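*Asks:*
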Amino acid sequence: MMNLSATHAVSVNPTTGEVVSSLPWASEREVDAAIALAAAGYRQWRQTPLADRADALRRIGAALRARGEEVAQMITLEMGKPIAQARGEVAKSANLCDWYLNTARRCWRRKLPWWKITRR
Numbered sequence: 002m003m004n005l006s007a008t009h010a011v012s013v014n015p016t017t018g019e020v021v022s023s024l025p026w027a028s029e030r031e032v033d034a035a036i037a038l039a040a041a042g043y044r045q046w047r048q049t050p051l052a053d054r055a056d057a058l059r060r061i062g063a064a065l066r067a068r069g070e071e072v073a074q075m076i077t078l079e080m081g082k083p084i085a086q087a088r089g090e091v092a093k094s095a096n097l098c099d100w101y102l103n104t105a106r107r108c109w110r111r112k113l114p115w116w117k118i119t120r121r
């Protein structure tokens with residue numbers, strides 16, 4: 002749960018009321034820089050070969066599984082979600098990475114040309 006102030010966003014554990022973290026708001030300049038970086042990253046990602054994208058999904062899924070308990074604890078701390086539900090959320094996210102990875106591989110095996118097309 003977030004408490005908002007003029008200078009900071011404060012994350013509070015909704016179960017205990019304990020402050021989990023406090024982060025200063027970004028300036029307009031910082032927001033603009035973040036948007037520019039995201040746009041540049043998107044343009045780069047669009048040019049990334051399908052095999053590399055698939056490998057990224059594989060690594061993300063593996064990282065979620067390797068650090069699943071840590072991520073689940075963080076979700077519980079920040080959202081007050083029961084730990085069993087948080088673990089399920091992490092597992093579902095890792096499984097979605099697998100699903101998208103396997104879907105990409107099936108498309109790649111069919112040698113569909115769509116991943117070579119760059120939209121303008």
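The opening position of the sequence shown corresponds to residue 2 in our numbering, with each subsequent residue numbered one higher. Idealized CB from N, CA, C, for every residue including glycine. All figures in this text were calculated on a predicted structure; none of them were measured in a lab.
(1) Report the rounded CA-to-CA distance for residue 65 versus residue 28, giving the unit in angstroms.
(2) Give me the Cα-Cα distance between residue 90 and residue 11, rounded to the nearest whole angstrom.
(3) Would you call the region 102-110 in contact with the region 50-61, where contact means no fewer than 3 C-beta pairs closer than 8 Å?
(4) Considering only residues of the same chain and omitting the five flanking positions on each side of residue 72, which have a CB-CB separation below 6 Å?
(5) Rounded to whole angstroms, what is the Cα-Cα separation between residue 20 and residue 7?
(6) Taking the alpha carbon of residue 23 as the reference point, which residue from 79, 45, 98 has its own alpha carbon closest?
(7) Hey, would you say the C-beta of residue 52 is under 6 Å away from at least one heavy atom of the ligand COA?
*Replies:* Let's see:
(1) 31 Å
(2) 23 Å
(3) yes
(4) 91
(5) 17 Å
(6) 79
(7) Inclusion of the ligand COA in the displayed structure is not the case, the ligand content being empty and no account of it being possible.
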